[in-house]
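S.K.:
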Amino acid sequence: MNISAILGHPNKGSFNHAIAETIVETLRNNGHWVNFHDLYEENFNPVVTSEELESSKSHDPLVETHCDEIKQAEGIVIVHPNWWGQPPAMLKGWIDRVIRPGVAYRFDEEDNGGGLPTGLLKARIGVVFNTSNTLAEREVSIFGDPLENIWKSCVFEFCGVNRFDRRMYRVIADSTPEERMGWLQDTKHLINKHFPKE
Numbered sequence: 068m069n070i071s072a073i074l075g076h077p078n079k080g081s082f083n084h085a086i087a088e089t090i091v092e093t094l095r096n097n098g099h100w101v102n103f104h105d106l107y108e109e110n111f112n113p114v115v116t117s118e119e120l121e122s123s124k125s126h127d128p129l130v131e132t133h134c135d136e137i138k139q140a141e142g143i144v145i146v147h148p149n150w151w152g153q154p155p156a157m158l159k160g161w162i163d164r165v166i167r168p169g170v171a172y173r174f175d176e177e178d179n180g181g182g183l184p185t186g187l188l189k190a191r192i193g194v195v196f197n198t199s200n201t202l203a204e205r206e207v208s209i210f211g212d213p214l215e216n217i218w219k220s221c222v223f224e225f226c227g228v229n230r231f232d233r234r235m236y237r238v239i240a241d242s243t244p245e246e247r248m249g250w251l252q253d254t255k256h257l258i259n260k261h262f263p264k265e
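Counting along the sequence shown from 1, when you hit position 66 you're at 133 in this note's numbering, and nothing is skipped either side.
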């Protein structure tokens, strides 16, 4: 399979990077083609200009590369921390610039954007890995698990990707090396489950 894997974390020594490395290694060992992007490493520009907002294309060649790859992806894997119940601004900007009309979804000609879109992504599944310092009970009872809603409903289902899975590893701040090793094993298990050997 052709897989797009996107990492949104600025710290190279982060556990998010360890998750991403495990994902890419497992996918490649299983015989999949992986387009991996560390958004901070490649200095992805997350800012949408007014010109780009009104256009069907970007003049940024890196954005166009991402758009071309996401259109061809048969699976999408995203890795990022929970910051204020949202992805980091870098990754939010990636969504704004890449998961765009004509690439990931479209509206009927007579629809000005208020109706239901037609999803254009061909990916069979979207998988998201998150890290957090918020306890699970508080995340759900107080905040309503916003990352689940963002990725499952607002991004993937909106764009036609109806199979979705997600892992949240917590609490990162006081986790032990043994816990982290267990989480990386779980990461590998989930990738093997959804993207087995070809």
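Ideal Cβ positions, reconstructed from N, Cα and C, are used throughout, including at glycine. Remember, it's a predicted structure, so these values are computed and weren't measured experimentally.
Does residue 96 pass the burial test, meaning 16 or more other C-beta atoms within 10 Å, or should it be called exposed?
M.R.: exposed
S.K.: Scan the stretch 91–172 and note each continuous beta strand (DSSP E) run of 3 residues or more that stays entirely inside, going in chain order.
M.R.: 100–105 and 142–148
S.K.: What does a CB cutoff of less than 6 Å around residue 133 pick up in its chain, not counting 5 residues either side in sequence?
M.R.: 165
S.K.: May I ask you to report which of helix, strand or coil DSSP gives residue 186?
M.R.: strand
S.K.: Does DSSP classify residue 235 as helix, strand or coil?
M.R.: strand
S.K.: Give the secondary structure of residue 262 by DSSP, where H, G and I count as helix, E and B as strand, and everything else as coil.
M.R.: Residue state, collapsed to three classes: coil.
S.K.: On a CA-only basis, which of 135, 174, 227 and 142 is nearest residue 101? Give me that one, please.
M.R.: 142
S.K.: Given a cut-off of 7 Å, decide if residue 232 and residue 194 are closer than it, judged by their beta-carbon atoms.
M.R.: The answer is yes: Cβ separation under 7 Å.
S.K.: Do you know whose CA, among 148, 78 and 99, lies nearest residue 23's CA?
M.R.: There is no way to answer for residue 23, as the model of the chain reaches only from 68 to 265.
S.K.: The beta strand (DSSP E) that contains residue 193, what's its start and end?
M.R.: 192–199
S.K.: When you compare only the Cα positions, how much space is there between residue 77 and residue 115?
M.R.: 20 Å
S.K.: Which of the three DSSP states is assigned to residue 73 in this structure?
M.R.: strand
S.K.: Just how far apart, CA to CA, sit residue 246 and residue 196?
M.R.: 16 Å
S.K.: Would you kindly work out how many angstroms separate the C-alpha atoms of residue 230 and residue 192, rounded to a whole number?
M.R.: Taking the Cα positions, residue 230 is about 5 Å away from residue 192.
S.K.: Can you look up residue 83 in the DSSP assignment and give me helix, strand or coil?
M.R.: Residue state, collapsed to three classes: helix.
S.K.: If distances are taken between C-alpha atoms only, which option among 219, 190 and 130 comes closest to residue 139?
M.R.: 190
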